[in-house]
Each structure stands twice: as structure tokens, then as C-alpha cells.
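Data block below; observations after.
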Amino acid sequence: MRWFLYRQTKAVIHLEHLTHNVRELKLLNGSSSFFCPMVKANAYGHGDLEIAKHLEGIGIQTMGVSLIEEGILLREAGILSEILVFGIFDQEGAQAIVRHRLTPVLSIWSQIYDLEKVLTSQIKVHLKFDTGMHRLGFLPMEAVKLQSHFQDSKKLKLGGVLTHLHSAEDASDFAGKSFSQLKQFKTICDHFLYFNPVFHSLNSAGLLNFSKHQGQVLPFSIPAAQGARPGLALYGLTPVPGFTQFKPVMSIRSQVVRYHQLSIGQTVSYGGTWRAQRESVIGVVPIGYADGYHRTLSNKSEVLFAGKKVSQVGNICMDFFMIDVTDVVKDKALSSFQNQEVTLFGYDREGNQLGAEDLAKRAGTISWEILTSVGERVPRIFERAEVHA
Ligand SMILES: Cc1ncc(COP(=O)(O)O)c(C=O)c1O
Numbered sequence: 007m008r009w010f011l012y013r014q015t016k017a018v019i020h021l022e023h024l025t026h027n028v029r030e031l032k033l034l035n036g037s038s039s040f041f042c043p044m045v046k047a048n049a050y051g052h053g054d055l056e057i058a059k060h061l062e063g064i065g066i067q068t069m070g071v072s073l074i075e076e077g078i079l080l081r082e083a084g085i086l087s088e089i090l091v092f093g094i095f096d097q098e099g100a101q102a103i104v105r106h107r108l109t110p111v112l113s114i115w116s117q118i119y120d121l122e123k124v125l126t127s128q129i130k131v132h133l134k135f136d137t138g139m140h141r142l143g144f145l146p147m148e149a150v151k152l153q154s155h156f157q158d159s160k161k162l163k164l165g166g167v168l169t170h171l172h173s174a175e176d177a178s179d180f181a182g183k184s185f186s187q188l189k190q191f192k193t194i195c196d197h198f199l200y201f202n203p204v205f206h207s208l209n210s211a212g213l214l215n216f217s218k219h220q221g222q223v224l225p226f227s228i229p230a231a232q233g234a235r236p237g238l239a240l241y242g243l244t245p246v247p248g249f250t251q252f253k254p255v256m257s258i259r260s261q262v263v264r265y266h267q268l269s270i271g272q273t274v275s276y277g278g279t280w281r282a283q284r285e286s287v288i289g290v291v292p293i294g295y296a297d298g299y300h301r302t303l304s305n306k307s308e309v310l311f312a313g314k315k316v317s318q319v320g321n322i323c324m325d326f327f328m329i330d331v332t333d334v335v336k337d338k339a340l341s342s343f344q345n346q347e348v349t350l351f352g353y354d355r356e357g358n359q360l361g362a363e364d365l366a367k368r369a370g371t372i373s374w375e376i377l378t379s380v381g382e383r384v385p386r387i388f389e390r391a392e393v394h395a
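Residue numbering for the sequence shown follows the numbering used here, starting at 7 and increasing by one per position.
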């Protein structure tokens, strides 16, 4: 367990925003009763133990992780909810799943056989089908064989059937790839109705887009109630434009630890990629690429400094980067900006906001990666109060 006494950089986790986002997502989830927030990858970088505890505290009874180890950590922290494990495992993993009362998501036959070898009593499982993602899941044509396997199985109880959308950004379009996947999924689901499982297919983008059809009759007899497994939107970032109701759960804040007064022509950081074109004031911020602030952002990003957007300048280092604060400190005593807070994304203390989505674009990546990259050296501080109106 790491502890931080002197660290000026932190990830503030606004738990009230998580509560708010869950409420909003559940509204969009409509009549489906299956709702499984994804807390894998350290709850998208937010701190899985605290996030899971908070979710449980607001009534969530099912959560999703990728690794068995992630599930064990949650169990050992006292999480009692159902924990779905989406990754592949072998016989040793099967034993751990049983021991820690995790719910496996099965994607290949060897998982079924390994589980059956180690089980002494019945366990609930979910079955995943590959309808076009070509990552994990049984093939649609295996549904019949699986159906009869589950009819005969004394040890496996079918609790859920699922698929994963690969282009959920088109899930509002009946002619799109998502509806083609959902059509296939419907045919698969029909084989398992007898077991009365939950059916789930929607990630954040799927859920937001699919919700646009609330109250409509869907083509191909696709049920209007599709279970959801939101990740990104749970943490307040929106993969679909126009859904502005979500509030970012993470704010990365640091402090300027020293200032430099530069003359025209002087450069900043490794390689001297930024050169002062005027007399400049440069602030040093103690967070770098080892903490998840991608080096590809060098000379491209902005941060909030005293409520204003300022540019990051020079190459980002492992533990530090520099910002150009010349315009903000102009005509003011630099001493009044001692330990000035800097917000990399999320909210500053005054409620000004900087989007992780924008940072992702500048870094040439996606919001998911910005969140999950926030490193171990950044302490998570959990706040329960609302940060802005
Ligand atoms: C199987 C599965 N379901 C749901 C999600 C959540 O996706 P999102 O973060 O886009 O909501 C993921 C994320 O990768 C996933 O792998």
C-alpha cells in the first residue's frame, strides 16, 4: 500500500457525481432490470475499492471486472455484490472464482470444462456470444450445443447471456452495425429463454444511443429492454455528443512548485522544443508521463491555472511538465501565485471545467485511456460533497 505525505498532485474523486451519473444512466436504462457498472481497471483509474463500496452503498448489486484478481480484491475489501469476471481463465482461475464467489462470464468451452471439474455445488454463470467484435465469446452457431449443455448441467446455472457492441456509436440507427449485432443476439437469446436469464449488450455508447428509441417498437423483434454495462459514462465522460447530463468523477489537480523567468530565446525541458518568443514566466508542475500525463501531449495541452486556460510547454518529463503562465501573472506579484493549484482535467475548486475528452483528442487517444492511465503515484482523494452547482 502506497502512502503519500508530500505529494502535491492528486486525483480528486467526486463520489456525489458518481451517484448522479448512476441515477442518469438508470433513467436511460428504462425498463431493463440488468445494470452492471464496470469497475475493472481500478474502476477506470478512480480507485476500485472506494468506487465499489460507494456503488454498493447506493444500491448497486452487480459490478463487472476483467480479472479474477480484481474480483478478489473487491471481495477481500468486503464487497458482497455479484461480481462478474469478464476475462478468460484456466482451471486454477476456476478454483479462485469458486473460492471467492465470483460470477464467471464464459466465452470458450475450456472455461466450462475447467469450472465443472472444480465445482462441488452449483454456480451461476453468464454466457458471452461474439456477434462481430471478434474478441471474446462463443460463436452464434454454438448456441444450440450450449443450450443442451446447460439443460444437462447440474453444476452450471445460466444467469445471463450477453454480447458486446463493437460500434456502439451507431446504436441509434436501425440500419447500423449495432442493430445488426442485436438482431443476431436476439436469435441467440431465443435459445436460452427457458433458463430465464438476464440479457445484456449495452456499453455506455450503446446505452445512450439505444435510449433514443425509448417508447418505440424496435425492428427484428429486438426487445426494448437491453441490460447495460456502462463504464465511461458512469465516470461522467460521454462517448455520444449531446448527452450533457453526466458529471466527471475525476479531477486531476497539482500545484506549481517553482517559477522561471525566461528571456526571449531561452528554451524549456528536454530537447528545447519550446523557445520563449517574449519574456515569459514558466511554472513547473509535479506530474509527468509516469503518472499518466502522456508525453504525446507535449506542447499540445492546456491546464487550468488560477481559473484560466494556459498552455503546457516543452517536452513532458517523467515526473514534471512546464506551463506558460505569462499572461495570467502579468502585472501581479509572482509571490501571490505561490503553490498555485493547476487542474489537468475535471474541475478546479471554483468549478471551472476542463474535459478529459479534449485532452484525449490532443493526445491522439480516447478518454478511456486518459482515465485508466492515471498512475499509482497519484493519490486518490475521495470527496463526497458536490463541487459545483
Ligand atoms: C464487455 C464490456 N462491457 C462493457 C464495457 C464498458 O464500456 P464503456 O466504458 O464504453 O461503457 C466494456 C469496456 O471495455 C467491456 O469490455
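Where is the CB? At the ideal position from N, CA and C, for every residue including glycine. Small disclaimer: the values here were computed from a predicted structure and weren't measured.
Excluding five sequence positions before and after Glu-88, the CB atoms of its chain that fall closer than 7 Å to its own CB belong to Gln-67, Thr-68, Thr-109, given in chain order. Excluding the 5 residues flanking it on each side, Lys-163 has same chain C-beta neighbours closer than 6 Å at Gln-128, Lys-130, in chain order.
Residue state for Tyr-12 is assigned as coil, using DSSP reduced to three classes.
The C-beta distance from Phe-191 to Phe-144 rounds to 12 Å, too long to meet the 8 Å contact threshold. Taken through DSSP and simplified to helix, strand or coil, Val-28 comes out as helix. Taking a contact to require three or more Cβ pairs closer than 8 Å, the segment 52–68 and the segment 79–99 qualify as touching.
Residues lining ligand 1 by the Cβ criterion, that is a Cβ closer than 5 Å to any of its heavy atoms, are Met-44, His-170, Asn-209, Ser-210, Arg-235, Pro-236, Gly-237, Leu-238 in chain order. According to DSSP, residue pairing for Ser-286 in a beta bridge involves Leu-268. Glu-382 counts as exposed, since fewer than 16 other beta carbons sit within 10 angstroms of its beta carbon. Looking at the DSSP output, Asp-96 bridges to nothing. Taking a C-beta distance under 8 Å as the contact criterion, Val-18 and Arg-259 qualify as a contact pair.
Less than 8 Å divides the Cβ of Ile-194 from the Cβ of Pro-146. One alpha carbon belongs to Phe-180, the other to Arg-141, and they sit about 24 Å apart. Membership of His-206 in any alpha helix (DSSP H) is not indicated; the residue belongs instead to the beta strand (DSSP E) covering 204–208.
Leaving aside the five residues that flank Ser-307 on each side, the residues in its chain whose CB is nearer than 7 Å to its CB run, in chain order, Gln-318, Leu-365, Arg-368.
Excluding the 5 residues flanking it on each side, Gly-182 has same chain C-beta neighbours closer than 8 Å at Ser-173, Asp-176, in chain order. Beta-bridge partners assigned by DSSP to His-132: Val-111, Gly-166. Put simply, the backbone Cα of Pro-254 is about 19 Å away from that of Asp-297. Contiguous beta strand (DSSP E) elements confined to the segment 223–278 occur at 256–261, 264–268, taking only those with 3 or more residues. The C-beta of Asn-202 has fewer than 16 other C-beta atoms within 10 Å across all chains shown, which makes the residue exposed.
A direct Cα-to-Cα measurement between Lys-314 and Val-334 gives close to 7 Å. A distance of 8 Å or more separates the beta carbons of Leu-268 and Tyr-299. Of all alpha-carbon atoms in Val-263, Tyr-295, His-23, the one lying nearest the alpha-carbon of Asn-345 is that of Val-263. Distance from the CA atom of Gly-271 to the CA atom of Glu-285, rounded to whole angstroms, is 9 Å. Between Val-290 and Asn-48, the alpha-carbon positions lie close to 29 Å from each other. Between Ser-257 and Gly-36, the CB-CB gap reaches or exceeds 8 Å.
Straight across, the Cα-Cα distance linking Ala-58 with Pro-229 is about 29 Å. Phe-156 sits buried, since 16 or more C-beta atoms from the chains shown fall within 10 Å of its C-beta. Looking only at Leu-112, Ser-38, Phe-41, the smallest Cα-Cα distance to Ile-74 is reached by Leu-112. One alpha carbon belongs to Pro-385, the other to Gln-14, and they sit about 10 Å apart. Between the segment 206–217 and the segment 234–247 there are three or more C-beta pairs closer than 8 Å, enough to call the two in contact.
Here DSSP, grouped into helix, strand and coil, assigns Arg-281 to strand. Rounded to whole angstroms, the separation of the alpha carbons of Ser-178 and Leu-24 is 25 Å.
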